[in-house]
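Residue numbers (UniProt numbering): 1 to 292. What follows is a short report on a single structure.
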Amino acid sequence: MPPPARSPAAGVRRRLPLAFLFLPLLLLLLLLHLTSSPARSPNSPLLRGSGDGEPRQRGACDYASGEWVPDDDDPAVSGGLRYDQTCREIFKGWNCLANGKRNGRELLRWRWRPRGCELPRLDPLRFLERHRNTSIGFVGDSLNRNMFVSLVCMLRGASGEVRKWRPAGADRGFTFLRYNLTLAYHRTNLLVRYGRWSTSPNGGPLESLGYKQGYRVDVDIPDQTWAEAPSFHDVLIFNTGHWWSAPSKFNPVQSPMLFFEKGIPVIPPLLPPAGLDLALKHMVWIIAVVVF
Ligand SMILES: *[C@@H]1O[C@H](CO)[C@@H](O)[C@H](O)[C@H]1NC(C)=O
Ligand SMILES: *[C@@H]1O[C@H](CO)[C@@H](O)[C@H](O)[C@H]1NC(C)=O
Numbered sequence: 001m002p003p004p005a006r007s008p009a010a011g012v013r014r015r016l017p018l019a020f021l022f023l024p025l026l027l028l029l030l031l032l033h034l035t036s037s038p039a040r041s042p043n044s045p046l047l048r049g050s051g052d053g054e055p056r057q058r059g060a061c062d063y064a065s066g067e068w069v070p071d072d073d074d075p076a077v078s079g080g081l082r083y084d085q086t087c088r089e090i091f092k093g094w095n096c097l098a099n100g101k102r103n104g105r106e107l108l109r110w111r112w113r114p115r116g117c118e119l120p121r122l123d124p125l126r127f128l129e130r131h132r133n134t135s136i137g138f139v140g141d142s143l144n145r146n147m148f149v150s151l152v153c154m155l156r157g158a159s160g161e162v163r164k165w166r167p168a169g170a171d172r173g174f175t176f177l178r179y180n181l182t183l184a185y186h187r188t189n190l191l192v193r194y195g196r197w198s199t200s201p202n203g204g205p206l207e208s209l210g211y212k213q214g215y216r217v218d219v220d221i222p223d224q225t226w227a228e229a230p231s232f233h234d235v236l237i238f239n240t241g242h243w244w245s246a247p248s249k250f251n252p253v254q255s256p257m258l259f260f261e262k263g264i265p266v267i268p269p270l271l272p273p274a275g276l277d278l279a280l281k282h283m284v285w286i287i288a289v290v291v292f
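In structure tokens, the structure reads:
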């Protein structure tokens with residue numbers, strides 16, 4: 001079975017189709033804007049075809065719509081891995097090959113095929129060349145951390161001189177020194193700020209509805225971990241999803257998400273899918289204000 005079908009976001013997507021449309025859209029908007037800015041490299045491979053740098057018609061391909069297919073042409077099959085288990089950036093517990101996962105090598109044999117167009121295999125040197133003097137921030141949960149790690153590992157294979165640091169409050173980051181390309185990962189589960197909530201002795205609207213404890217989720221406040229990211233990075237890649245339906249943490253009964261807007265509880269209380277929609281609306285707006 002293609003491993004990505006089991007990605008945390010997949011289960012959520014079925015239930016939250018609208019919310020998930022926002023993210024690719026946001027990403028595309030940011031890329032379109034940033035890559036069309038004359039001061040910046042206009043050559044993002046994401047917006048190009050597989051030919052000799054012939055620009056693909058913008059908007060012609062929805063890269064978010066497609067499927068995972070077995071990659072029979074992949075040199076990984078004949079030994080040419082994009083990177084392997086020795087890439088030090090791979091988080092220990094997630095290093096399938098080093099940990100001897102039985103189908104570890106099988107997992108390498110899938111590639112994403114967008115509907116109606118081809119996504120060329122990433123060429124690390126070309127990517128480095130095209131993104132000189134650029135800073136790219138991945139903002140999100142472990143799914144985006146994996147995307148970040150994957151890109152770092154592929155690029156490190158082509159250029160090993162890196163400086164490890166934490167730009168703009170990132171969890172981790174690297175600058176590829178010969179190209180002055182910076183990649184950073186900003187860890188955030190919900191994109192927005194949240195913290196423990198419990199009843200106040202003075203009472204309040206949530207208390208009168210019977211809530212005793214939970215998580216306060218401020219739908220209009222970006223998580224501190226990436227608050228500086230939009231003014232720092234040239235390209236931003238966001239994800240969220242899994243944590244909005246993670247009962248191990250946000251148990252609907254014992255520790256529900258309690259949404260706050262402008263510092264006061266949203267009444268009547270929203271269920272997580274509606275809270276996610278609201279949070280995304282606010283975040284898109286906030287990012288747009290900083291970026292555009
Ligand atoms: C990157 O910055 C350096 C130093 O500021 C400059 O010489 C070089 O032309 C820049 N490269 C690109 C591709 O913008
Ligand atoms: C390196 O790239 C950043 C953008 O990420 C740019 O602001 C900075 O001027 C560049 N530094 C040099 C020495 O070119």
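By construction, the Cβ of each residue, glycine as well, lies at the ideal position given by its N, Cα and C atoms.
In this structure residue 170 is buried. Its beta-carbon is surrounded by 16 or more other beta-carbon atoms within 10 angstroms.
A straight line joining the alpha-carbon of residue 100 with that of residue 107 spans about 12 Å. Within the stretch 137 to 178, the complete alpha helix (DSSP H) segments of 4 residues or longer fall at 142 to 156, listed in chain order.
Counted as a single uninterrupted DSSP element, the beta strand (DSSP E) harbouring residue 69 occupies residues 66 to 70. DSSP links residue 258 through a beta bridge to 216. When 72, 81, 119 are compared, the shortest CA-CA separation from residue 62 is found for 119.
Taking C-beta separations shorter than 7 Å and ignoring five residues to either side along the sequence, the partners of residue 85 in its chain run 95, 97, 98, following chain order. Listed in chain order, the non-local C-beta contacts of residue 199 below 6 Å within the same chain comprise 207, 212, local neighbours out to five positions each way being set aside.
Secondary-structure assignment with DSSP links residue 135 through a beta bridge to 182.
Across the structure, residue 263 and residue 102 are spaced so that their CA atoms are roughly 49 Å apart. Between the stretch 252 to 262 and the stretch 149 to 168, the count of Cβ pairs shorter than 8 Å is below three; the stretches do not touch. Beta-carbon to beta-carbon, residue 71 and residue 109 are separated by about 5 Å, close enough to satisfy the 8 Å threshold. Taken from the Cβ of residue 277, every heavy atom of ligand 2 lies 8 Å or farther away. Annotation for residue 132 indicates a beta carbon within 8 Å of some heavy atom of ligand 1. If you draw a straight line from the Cα of residue 129 to the Cα of residue 92, it is about 30 Å long.
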